[in-house]
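A.B. asks: One structure coming up, written as structure tokens, with questions to follow.
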Amino acid sequence: MGNVFVLDHPLIQHKLTYIRKTDTGTKEFRELVDEVSGLMAFEITRDLPLQETTIETPVTTTKAKVLSGKKIGLVPILRAGLGMVDGVLRHIPAARVGHVGLYRDPETLTPVEYYIKLPSDINERELIVIDPMLATGGSATDAIASLKKRGATNIKLMCLIAAPEGVELIKKEHPDVDIYLAALDEKLNEKGYIVPGLGDAGDRLFGTK
Ligand code: URA
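Once you know that position 74 of the sequence shown is 74 in the UniProt record's numbering, the rest is easy, because the numbers rise by one and skip nothing.
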């Protein structure tokens with residue numbers, strides 16, 4: 001069963017407060033999202049396997065641990081997911097990066113992938129799907145379904161802020177997926193924004209309106 005982890009580390013919570021504030025401008029918003037993403041990467045990679053190796057220090061020969069080489073893939077959902085990629089890559093620079101862009105056809109409600117490009121070996125990778133705002137959960141649910149359809153079996157979801165509705169949908173549709181959040185907010189409003197949230201993450205990251 002997938003778990004929900006709210007990463008309430010003081011550094012994450014402090015930076016998230018400034019991310020939320022209306023008067024935080026684009027440059028600072030982008031930098032803070034990058035920093036929080038990097039901090040979140042520590043917890044998300046906590047279960048990466050290690051192996052022992054023998055090294056020479058200037059003093060002696062000793063056994064020490066290195067990552068065992070588990071393959072990771074980051075999959076940001078376009079476009080706001082892009083803002084969290086570099087912060088994670090700083091800590092796991094060998095990760096490959098795929099991209100998914102999709103929307104729901106307003107009439108049929110079926111997901112339409114307008115862009116998808118993934119590493120060829122996604123079935124061998126631990127994938128971290130990245131989307132700052134888990135609102136209704138529709139995009140993340142559809143993106144995860146796309147990855148599973150293409151052979152992915154090991155998926156985590158990383159978001160800055162979630163609404164309870166989004167978390168519930170992921171738990172229902174993808175109970176195998178662990179969810180990592182910086183905050184679980186109160187609710188969605190009638191326009192589909194997370195409350196209290198931070199507004200439109202894509203617009204605030206890219207300075208659009
Ligand atoms: N997407 C956003 O960018 N913000 C929200 O509050 C909800 C969805």
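Cβ atoms here follow ideal geometry from the backbone N, Cα and C, with glycine treated the same way.
1) Quick check: C159 and L134, are their CB atoms within less than 8 angstroms of each other?
2) Got a list of residues with beta-carbon closer than 5 angstroms to any non-hydrogen atom of ligand 1, in chain order?
3) Does the beta-carbon distance from Q51 to K70 come in below 8 angstroms?
4) Buried or exposed: which applies to K15, given that a residue is buried once 16 or more other Cβ atoms fall within 10 Å of its Cβ?
5) Report the residue ranges of all alpha helix (DSSP H) runs contained in full by the region 35-99; include only those spanning at least 4 residues, in chain order.
6) Report buried or exposed for P10, applying the criterion of at least 16 other Cβ atoms within 10 angstroms of its Cβ.
7) In whole angstroms, give me the CA-to-CA distance for F29 and Y18.
8) Quick one: what does DSSP say Y114 is sitting in, helix, strand or coil?
9) What residue from L198, P111 and N154 has the CA that sits closest to D47's CA?
10) Given that a residue counts as buried once 16 or more other Cβ atoms are within 10 Å of its Cβ, and exposed if not, what is I68?
11) Which same chain residues, not among the five before or five after E35, have their C-beta less than 7 angstroms away from its C-beta?
12) Would R125 and I72 be called neighbours here (beta carbons separated by less than 8 angstroms)?
13) Distance check for A94 and I179, CA to CA, integer angstroms please.
14) Locate the alpha helix (DSSP H) running through Y180, then write down its first and last residues.
15) Can you confirm whether the region 103-115 touches the region 164-173 when touching is taken to mean that 3 or more C-beta pairs between the two stretches lie within less than 8 angstroms?
16) With C-beta atoms as the reference, is M84 less than 8 angstroms away from P119?
17) Can you check DSSP and say which residues form a bridge with K15?
C.D. replies: Judging by the given coordinates:
1) yes
2) Matched residues: M133, A135, Y193, I194, G197, D200 and A201.
3) no
4) So K15 ends up on the buried side.
5) 85-89
6) exposed
7) 8 angstroms
8) Y114: strand per DSSP, three-state reduction.
9) Taking only the C-alpha atoms, the option nearest D47 is N154.
10) A small correction: the amino acid at residue 68 is Ser; Ile does not occupy that position in the sequence shown. Here S68 is exposed: its Cβ has fewer than 16 other Cβ atoms, across all protein chains shown, within 10 Å.
11) K15 and G87
12) yes
13) 22 angstroms
14) Premise fails: Y180 lies in the beta strand (DSSP E), D178 to L184, not in any alpha helix (DSSP H).
15) no
16) no
17) DSSP lists no partner for K15.
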